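Asker: Heads up: the sequence shown is residues 1 to 251, going by UniProt numbering. Think of the CB as a built atom: it goes at the ideal place given N, C-alpha and C, for glycine as much as any other residue. Computed from a predicted structure; not experimentally measured.
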Amino acid sequence: MQVNGKELAVEIQGDGPAVLLVHGLGGTSNFYQPQVEALAERFTVIRPDMEGSGRSPVTGELSIDSFAADLAALLDELSIESARVVGHSMATLTVRRLAATHPDRVSHLALLGAVNPPADPSGPRGRAATVRGEGQIAVADAIMNAATSDATRRDHPAAAALVRELVLRQDPEGYARSCEALAGATDPGPVEKSLPLLLLTGDEDKVGPPDASRALADAHGSAVLEVFDGCGHWTAIEKPAEVTAHLLKFF
1 MQVNGKELAV EIQGDGPAVL LVHGLGGTSN FYQPQVEALA ERFTVIRPDM
51 EGSGRSPVTG ELSIDSFAAD LAALLDELSI ESARVVGHSM ATLTVRRLAA
101 THPDRVSHLA LLGAVNPPAD PSGPRGRAAT VRGEGQIAVA DAIMNAATSD
151 ATRRDHPAAA ALVRELVLRQ DPEGYARSCE ALAGATDPGP VEKSLPLLLL
201 TGDEDKVGPP DASRALADAH GSAVLEVFDG CGHWTAIEKP AEVTAHLLKF
251 F
C-alpha cells in the first residue's frame, strides 16, 4: 500500500471499529498474530510493517516522528478518523507521539513493554553498526536470550524461536536505521489524562522495565496497569492469551 509516498505492507482483517497494531524494533506485523483472530471478531484490525521492517522497504532516514507521520497517513489512506492504537517497545514512543500530535486520531492507547528514550544512544547506534557489518545473525540470539523470560525460553521454546526469527529476518539496513531512530528518540510527552490508557508489561522485561510503565500510569492517574509474571519484553508473544483478554476488555 502506498502511504506517505512509500510502500508499506499492511494487513487488514475483520470488521468494526479500527484497531491499529504497531510493532516495535525488530518486530513485524506478525508480532500481533496471537491477538488477531479474537480482535477481528469485533474490530477492523490493521497491522502495518513499519518502514524498514518486515516487508516494508526502507527509503530514507527514520525517526519516531517519521513513524508517527506514517501512521497518521495510513489512517488517512484508509479513511479512518480515529482508532484504538496499540504499540510495543519502540512503537510505544511512536504511538505516544501520534497521540500527542494527532489527538483526534487516537481513541484508546495501549502500550506493551513501554520504553523511555535511551539514556545512552551509543547502545542502539552500536547495534546499528553491528548489523551493518555482520548481519542480523550477530544480534538475533542475544536479543532472544536477553529480552524473553526464563519461563518463555524453558516452557514455550516456539515463542522464543519466533522472537529470534523476527529479528533474524529483518533487512539489516532497515533494522540499522530503526536502531538509529531509537537512538535519536526524545520524550514524546505525557499521555493526556482524558485518553484511556492501558499498560501491559512483564516482570522480567529488561528493555522496558516495569518501572517505566508504572511511571506512565502514575502520571496519567487513571491508567490500567498489568505486570505479567514470568514475562519478558515480547509481551504479545510471551503472554498471548493474557494480552488478548486485556485488549478486548480495554476496547
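#1: Assuming P118 contacts L182 (C-beta within less than 8 Å), just tell me the rounded distance between them.
#2: Going by DSSP in three states, A83 sits in which element: helix, strand or coil?
#3: Could you work out which residue in T101, T152, G87 is closest to P48 when comparing CA atoms only?
#4: Please go through the same chain and pick out, in chain order, the residues whose beta-carbon is closer than 7 Å to the beta-carbon of L15, but skip the five residues on each side of it.
#5: Would T148 be called buried (16 or more neighbouring beta carbons within 10 Å of its own) or exposed?
#6: Where R169 and D218 are concerned, what is the direct C-alpha to C-alpha distance, given to the nearest angstrom?
#7: Across the region 186-199 and the region 223-234, are there enough close Cβ pairs to call them in contact, namely three or more that are closer than 8 Å?
#8: Name the residue from K239, D203, C231, L195 whose alpha carbon lies nearest to the alpha carbon of L98.
#9: My understanding is that P17 touches R84, with C-beta atoms under 8 Å, so please give their C-beta distance in whole angstroms.
#10: State the DSSP-derived secondary structure class of G67, mapped to helix, strand or coil.
#11: Under 8 Å, with one C-beta from each stretch per pair, do the region 52-61 and the region 21-32 reach the 3-pair mark?
#12: Going by beta-carbon coordinates alone, are Q35 and V243 separated by less than 8 Å?
#13: What residue range is occupied by the uninterrupted alpha helix (DSSP H) comprising V207?
#14: With distances taken between CB atoms, is the gap from E77 to M1 smaller than 8 Å?
#15: Can you give me the C-alpha to C-alpha distance between Q192 and V95, rounded to a whole angstrom?
#16: How many Å lie between A38 and L21 at the Cα?
#17: What's the call for T235, buried or exposed, on a 16-neighbour Cβ count within 10 Å?
#18: Using the Cα positions of A91 and S63, report the straight-line distance between them to the nearest angstrom.
#19: So A114 and L216 are in contact, right, with Cβ under 8 Å, and what is the actual spacing, rounded?
#20: Taking 8 Å as the threshold (C-beta atoms), are V139 and T130 in contact?
#21: Give me the Cα-Cα distance between V58 and E173, rounded to the nearest whole angstrom.
#22: What residues are listed by DSSP as bridge partners for A146?
#23: If you compare alpha carbons, which of G60, I46, S82, T186 is closest to A9?
#24: Could you check how far apart the C-beta atoms of Y175 and G26 are, in whole angstroms? I think they sit under 8 Å.
Answerer: So, from the listed chains and residues:
#1: At roughly 6 Å, the Cβ-Cβ gap stays under 8 Å, so P118 and L182 are in contact.
#2: Strand at A83.
#3: Residue nearest to P48 within the set T101, T152, G87 is G87 (criterion: CA-CA distance).
#4: The identity of residue 15 in the sequence shown is Asp, whereas the question assumes Leu. T44.
#5: Of the other Cβ atoms in all chains shown, 16 or more fall within 10 Å of the Cβ of T148; this residue is therefore buried.
#6: Rounded to whole angstroms, R169 to D218 spans 37 Å at the Cα level.
#7: Yes, the region 186-199 is in contact with the region 223-234.
#8: When C-alpha distances from L98 are compared across K239, D203, C231, L195, the shortest belongs to L195.
#9: Going by Cβ atoms, the distance from P17 to R84 rounds to 7 Å, so yes, they are a contact pair.
#10: The question names Gly, yet the displayed sequence has Phe at residue 67. DSSP places F67 in helix when its eight states are reduced to three.
#11: Yes, the region 52-61 touches the region 21-32.
#12: Here Q35 is near V243, since their CB atoms are less than 8 Å apart.
#13: Where V207 is concerned, there is no enclosing alpha helix (DSSP H), given that its DSSP letter is neither H nor E.
#14: Yes, the Cβ-Cβ distance between E77 and M1 is below 8 Å.
#15: Rather than Gln, the amino acid found at residue 192 in this sequence is Glu. Using only the alpha carbons, I get a separation of about 13 Å.
#16: The alpha-carbon atoms of A38 and L21 are separated by roughly 14 Å.
#17: Classification for T235: buried.
#18: When the Cα atoms are used, A91 and S63 turn out to be separated by approximately 11 Å.
#19: At roughly 6 Å, the Cβ-Cβ gap stays under 8 Å, so A114 and L216 are in contact.
#20: In contact: T130 and V139 (Cβ atoms closer than 8 Å).
#21: Taking the CA atoms as reference points, V58 sits about 8 Å from E173.
#22: DSSP, once it has assigned bridges, lists no residue as partnering A146.
#23: If we check each option's Cα against that of A9, I46 comes out closest.
#24: Contact between Y175 and G26 holds, since their C-beta atoms are separated by about 7 Å, short of 8 Å.
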